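S.K.: Below you'll find the structure I mean.
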Amino acid sequence: NLITELDLSVFVFNEDLEYLDLSHNKILKVYCQTLAYLRHLDMSFNKFTAMPICQEFGNMFRLEYLGLSATVIRRPDFRYLTHLQLHTVFLTLEDFSLYEPQSLTALNTRSLHIVFAANQNFSFSLLYDGMSTSENLKIVNLRYTSSYKDFPSPPLKLLKKIKTTVLMLDTVDLQWPIILQIFLLIWYSPVEHLTVTNLTFRGPLDGLAEYNFLPLLNSLEQLISLDGSMKALTLEHVHNKVYYFNQEILYRQFSEMNIANLTIYDAYMPHMLCPNRTSSFQYLNFSHNALTDELFQNCGTLTDLKLLILQRNKFESLPKVSFMTRRMKSLKYLDMSSNLLHHDGADVRCQWAESLTELDLSSNQLTDAVFECLPANIKTLNLQNNQIASVPKGVAELESLAELNLASNRLADLPGCSGFSSLEFLNVEMNLILTPSADFFQSCPRVRELQAGHNPFK
Numbered sequence: 015n016l017i018t019e020l021d022l023s024v025f026v027f028n029e030d031l032e033y034l035d036l037s038h039n040k041i042l043k044v045y046c047q048t049l050a051y052l053r054h055l056d057m058s059f060n061k062f063t064a065m066p067i068c069q070e071f072g073n074m075f076r077l078e079y080l081g082l083s084a085t086v087i088r089r090p091d092f093r094y095l096t097h098l099q100l101h102t103v104f105l106t107l108e109d110f111s112l113y114e115p116q117s118l119t120a121l122n123t124r125s126l127h128i129v130f131a132a133n134q135n136f137s138f139s140l141l142y143d144g145m146s147t148s149e150n151l152k153i154v155n156l157r158y159t160s161s162y163k164d165f166p167s168p169p170l171k172l173l174k175k176i177k178t179t180v181l182m183l184d185t186v187d188l189q190w191p192i193i194l195q196i197f198l199l200i201w202y203s204p205v206e207h208l209t210v211t212n213l214t215f216r217g218p219l220d221g222l223a224e225y226n227f228l229p230l231l232n233s234l235e236q237l238i239s240l241d242g243s244m245k246a247l248t249l250e251h252v253h254n255k256v257y258y259f260n261q262e263i264l265y266r267q268f269s270e271m272n273i274a275n276l277t278i279y280d281a282y283m284p285h286m287l288c289p290n291r292t293s294s295f296q297y298l299n300f301s302h303n304a305l306t307d308e309l310f311q312n313c314g315t316l317t318d319l320k321l322l323i324l325q326r327n328k329f330e331s332l333p334k335v336s337f338m339t340r341r342m343k344s345l346k347y348l349d350m351s352s353n354l355l356h357h358d359g360a361d362v363r364c365q366w367a368e369s370l371t372e373l374d375l376s377s378n379q380l381t382d383a384v385f386e387c388l389p390a391n392i393k394t395l396n397l398q399n400n401q402i403a404s405v406p407k408g409v410a411e412l413e414s415l416a417e418l419n420l421a422s423n424r425l426a427d428l429p430g431c432s433g434f435s436s437l438e439f440l441n442v443e444m445n446l447i448l449t450p451s452a453d454f455f456q457s458c459p460r461v462r463e464l465q466a467g468h469n470p471f472k
């Protein structure tokens with residue numbers, strides 16, 4: 015709305031008031047009043063210059079969520095809140111001009127969410143102090159256009175103070191040397207889950223040797239192969255503004271990371287290297303990239319990998335995908351949906367990981383021949399939105415298959431269960447079935463659920 019002044023005394027008779035949202039107004043001034051039952055107070059996205067915190071806030075012991083906005087933050091600003099046990103503090107710092115280091119550390123909050131000015135150089139003390147303040151930290155708009163040589167490096171003593179275990183950074187536009195320093199700080203810290211969304215990195219990538227970021231660091235590859243606190247790294251919507259550099263260096267750094275979960279989503283990534291040593295990866299998500307059939311061929315170091323998601327890439331050969339999994343001894347789930355996969359049924363014997371029990375091949379270019387190239391122990395199979403006209407008899411013996419999705423194909427009849435003795439769930443929606451044959455009902459006694467809508471039944 016268009017509120018410019020806020021007098022909290024108007025709520026003095028609303029004794030049961032718990033939730034008050036005044037965000038996205040034009041408030042410049044607040045007249046304070048203790049609202050004892052208030053749990054949620056949001057004054058973010060307003061026009062305050064200084065933090066709108068007054069002594070009365072210190073008496074609101076039920077307060078869990080506090081949203082604030084300001085252009086200047088000084089150390090005394092949060093002094094009335096230090097004894098409050100807050101769940102979330104949300105700060106919007108548009109048109110920001112000043113942050114006094116250590117100011118945030120007066121807060122006692124489990125989660126801290128900061129939205130910085132969109133077109134200003136980020137004040138990195140906010141990041142460093144935020145990591146010393148809350149377990150969950152999210153920061154939006156980390157941009158820095160000055161030279162990386164002027165970047166205020168994180169102080170080493172900071173490592174002993176960090177509380178953050180879950181860190182989310184959104185809309186990050188930084189030079190590679192700065193990204194590297196921040197990442198090294200995070201790697202050495204207690205952070206377990208790091209998510210970076212909308213990441214743009216710029217040059218230079220050379221000349222980094224002269225900067226000794228941290229002591230005893232011979233190489234980045236050596237660092238990331240060491241044990242750290244990090245369990246999961248997620249990078250989404252990555253844009254590279256450095257067009258001439260050895261990408262293999264970057265891929266090698268990712269492939270050698272000693273973490274359980276790695277997601278690189280929508281990064282135009284054409285390749286990823288096989289780890290040099292037995293990898294700790296258990297979950298890999300490389301969706302929405304430019305990966306091809308050459309990924310992880312003859313790779314024997316991903317023996318702990320359980321879930322692999324490769325949807326929306328450029329894979330073409332189903333046999334090559336099977337060879338990719340052959341040495342992944344722990345693989346249980348594989349998602350190859352929305353690729354360009356086909357299999358012409360030539361004399362190529364597919365070799366899948368024996369452990370694989372769930373496979374998603376939906377939205378590809380597969381025909382009836384796909385049943386010649388399926389994992390022997392598969393339990394759940396998704397073949398939705400392909401070009402399958404029939405299920406050939408006597409080709410596949412999938413004794414463990416319990417769930418089969420053949421929706422949006424070209425089936426003219428219900429498939430029988432001669433090769434699927436354990437089938438319990440079948441989806442044949444949106445096909446071309448006119449009259450279901452009796453073979454299905456005779457050969458599929460264990461099927462409990464049949465979805466067959468949107469067919470042209472007579």
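In this text, residue positions in the sequence shown follow my numbering: the first is 15, and each later residue adds one. Just so you know, even glycine gets a beta-carbon here, dropped at the ideal spot from N, CA and C. Fair warning: this is a prediction, and the values are worked out from it, not measured in the lab.
1) Who are the Cβ neighbours of K245 in its own chain at under 8 Å, not counting the five residues just before and after it?
2) Would you check if the segment 161-170 and the segment 110-129 touch, i.e. whether three or more CB-CB distances between them fall below 8 Å?
3) If I follow the unbroken beta strand (DSSP E) through K43, where does it start and stop?
4) Between H54 and chain D, is any beta-carbon pair separated by less than 9 Å?
5) Using beta-carbon positions only, say whether R341 and L316 come within less than 9 Å of one another.
6) Which whole-angstrom value is the C-beta distance of V186 and L213, which I expect to be below 8 Å?
7) Cα separation between P72 and R157?
8) Between which two residues does the alpha helix (DSSP H) holding K334 run?
9) Assuming F300 contacts L324 (C-beta within less than 8 Å), just tell me the rounded distance between them.
10) Nearest to I17 by CA position, among N39, S436, S23 and V24, is which residue?
11) According to DSSP, is Q365 helix, strand or coil?
12) Please list the terminal residues of the continuous alpha helix (DSSP H) segment that includes E19.
13) Under 8 Å: do the segment 418-438 and the segment 365-373 share three or more Cβ pairs, one atom per stretch?
14) With 16 other CB atoms within 10 Å as the buried threshold, where does S160 fall?
15) Buried or exposed: where does Y257 fall if 16 or more other Cβ atoms within 10 Å of its Cβ makes it buried?
16) Measuring alpha carbon to alpha carbon, tell me which of H251, E262, R266 and R291 ends up nearest A281.
17) Taking 6 Å as the limit between beta carbons, can you name the residues of its chain near G467, skipping five residues before and five after?
18) Between the Cα of Y297 and those of A452, F92, M271 and L151, spot the shortest distance and give me the residue it belongs to.
19) If you follow the beta strand (DSSP E) that E372 is part of, which residue opens it and which one closes it?
20) Is R462 buried or exposed, if buried means 16 or more other CB atoms sit within 10 Å of its CB?
21) Please work out which residues of its chain come closer than 7 Å, Cβ to Cβ, to S111, disregarding the five sequence neighbours upstream and downstream, and give them in chain order.
22) Can you give the Cα-Cα distance for R266 and M338, rounded to whole angstroms?
23) Which whole-angstrom value describes the C-beta separation of T123 and L107, a residue pair presumed to lie in contact below a C-beta threshold of 8 Å?
24) Is it buried or exposed for Y202, if we count other Cβ within 10 angstroms and need 16 for buried?
25) Given a cut-off of 9 Å, decide if Q47 and S83 are closer than it, judged by their beta-carbon atoms.
26) What is the rounded straight-line gap between the Cα of R363 and the Cα of L199?
27) Compare the Cα-Cα distances from L335 to each of G242, L354 and R89 and report the closest residue.
28) Identify whether Y113 lies in helix, strand or coil by the three-state DSSP scheme.
29) Taking the straight line between their C-alpha atoms, what separation do you get for S139 and N155?
30) Do you know offhand how far A223's Cα is from K346's?
31) Using only alpha-carbon positions, find the residue among P90, E308 and S351 that is nearest to N396.
32) Please give the ranges of any alpha helix (DSSP H) in the segment 134-194, keeping only runs that are unbroken, at least 4 residues long and fully inside the region.
33) In three-state DSSP terms, what is R266?
M.R.: So, to answer that:
1) Position 231 of the sequence shown, counted from the start, is the residue given in the question as residue 245. For K245, where only same-chain residues beyond five positions count, the Cβ hits under 8 Å are E206, H207, I273, A274 and N275.
2) The count of Cβ pairs closer than 8 Å, one atom from the segment 110-129 and one from the segment 161-170, stays below three, leaving the stretches out of contact.
3) Reading the sequence shown from its first residue, position 29 is the one you call residue 43. Note, K43: beta strand (DSSP E), K43 to Y45.
4) The structure shown contains no chain D, having only a single protein chain.
5) Taking the first residue of the sequence shown as 1, we reach residue 341 at position 327. Taking the first residue of the sequence shown as 1, we reach residue 316 at position 302. Yes, these two residues count as a Cβ contact at 9 Å.
6) As a position in the sequence shown, residue 186 is number 172, starting the count at 1. As a position in the sequence shown, residue 213 is number 199, starting the count at 1. That pair is a contact at about 5 Å.
7) Stepping through the sequence shown from its first residue, residue 72 is reached at position 58. Stepping through the sequence shown from its first residue, residue 157 is reached at position 143. First, the residue type needs correcting, since residue 72 is Gly and not Pro in the sequence shown. Taken atom to atom, the span from the alpha-carbon of G72 to that of R157 is near 34 Å.
8) Along the sequence shown, one-based indexing puts residue 334 at 320. Where K334 is concerned, the enclosing alpha helix (DSSP H) stretches over L332 to T339.
9) For the purposes of this step, residue 300 is identified with residue 286 of the sequence shown, where counting begins at 1. For the purposes of this step, residue 324 is identified with residue 310 of the sequence shown, where counting begins at 1. About 6 Å separates the two Cβ atoms, so the contact holds.
10) Taking the first residue of the sequence shown as 1, we reach residue 17 at position 3. Closest in C-alpha terms to I17, from the list N39, S436, S23 and V24, comes N39.
11) Locating residue 365 in the sequence shown gives position 351, counting from the first residue. Residue state, collapsed to three classes: coil.
12) Numbered from its first residue, the sequence shown carries residue 19 at position 5. Segment E19 to D21 is the beta strand (DSSP E) holding E19; no alpha helix (DSSP H) there.
13) Counting Cβ pairs under 8 Å, fewer than three are found: no touch.
14) Here residue 160 is taken as the residue at index 146 of the sequence shown, counted from 1. Exposed, because fewer than 16 other Cβ atoms sit within 10 Å of the Cβ of S160.
15) Within the sequence shown, the letter at position 243 stands for residue 257. It is exposed - the Cβ of Y257 has fewer than 16 other Cβ atoms within 10 Å.
16) If you number the sequence shown from 1, residue 281 lands on position 267. Each of H251, E262, R266 and R291 was checked against the Cα of A281, and the nearest Cα belongs to H251.
17) For the purposes of this step, residue 467 is taken as residue 453 along the sequence shown, with counting starting at 1. Within its own chain, the residues whose Cβ lies closer than 6 Å to the Cβ of G467, once the five positions on either side in sequence are excluded, are E443, listed in chain order.
18) The residue given as residue 297 occupies position 283 in the sequence shown. Nearest C-alpha to Y297: M271.
19) For the purposes of this step, residue 372 is taken as the residue at position 358 of the sequence shown. Start and end: E372 to D374.
20) As a working mapping, residue 462 is identified with position 448 in the sequence shown. It counts as exposed.
21) Along the sequence shown, read from residue 1 onward, the residue named residue 111 stands at position 97. For S111, where only same-chain residues beyond five positions count, the Cβ hits under 7 Å are T85 and V86.
22) Looking up residue 266 in the sequence shown gives position 252. Looking up residue 338 in the sequence shown gives position 324. Going from the Cα of R266 to the Cα of M338 covers about 18 Å.
23) The residue given as residue 123 occupies position 109 in the sequence shown. The residue given as residue 107 occupies position 93 in the sequence shown. About 16 Å separates the two Cβ atoms, so there is no contact after all.
24) If you number the sequence shown from 1, residue 202 lands on position 188. Buried, because 16 or more other Cβ atoms sit within 10 Å of the Cβ of Y202.
25) Position 69 of the sequence shown, counting from 1, holds the residue named residue 83. Position 33 of the sequence shown, counting from 1, holds the residue named residue 47. Cβ distance not < 9 Å, so S83 and Q47 don't count as in contact.
26) Residue numbering aside, residue 363 sits at position 349 when the sequence shown is read from its first letter. Residue numbering aside, residue 199 sits at position 185 when the sequence shown is read from its first letter. Annotation: R363 to L199 spans about 48 Å, alpha carbon to alpha carbon.
27) Along the sequence shown, read from residue 1 onward, the residue named residue 335 stands at position 321. First, the amino acid is wrong: residue 335 is Val here, not Leu. Closest option to V335, Cα to Cα, is L354.
28) As a working note, residue 113 is residue 99 in the sequence shown. Here Y113 sits in strand by DSSP.
29) Taking the sequence shown and counting its residues from 1, the one referred to as residue 139 is at position 125. Taking the sequence shown and counting its residues from 1, the one referred to as residue 155 is at position 141. So the two alpha carbons sit approximately 14 Å from each other.
30) Stepping through the sequence shown from its first residue, residue 223 is reached at position 209. Stepping through the sequence shown from its first residue, residue 346 is reached at position 332. The predicted model places A223 with a pLDDT of 44, which falls under 50 and marks its position as unreliable, so this point remains unresolved.
31) Counted from its first residue, the sequence shown places residue 396 at position 382. Of P90, E308 and S351, the residue nearest in Cα terms is S351.
32) Unbroken alpha helix (DSSP H) stretches of 4 residues or longer found wholly inside the segment 134-194: 138-145, given in chain order.
33) What you label residue 266 is simply residue 252 of the sequence shown in a count that begins at 1. Reduced to three states, the DSSP call for R266 is helix.
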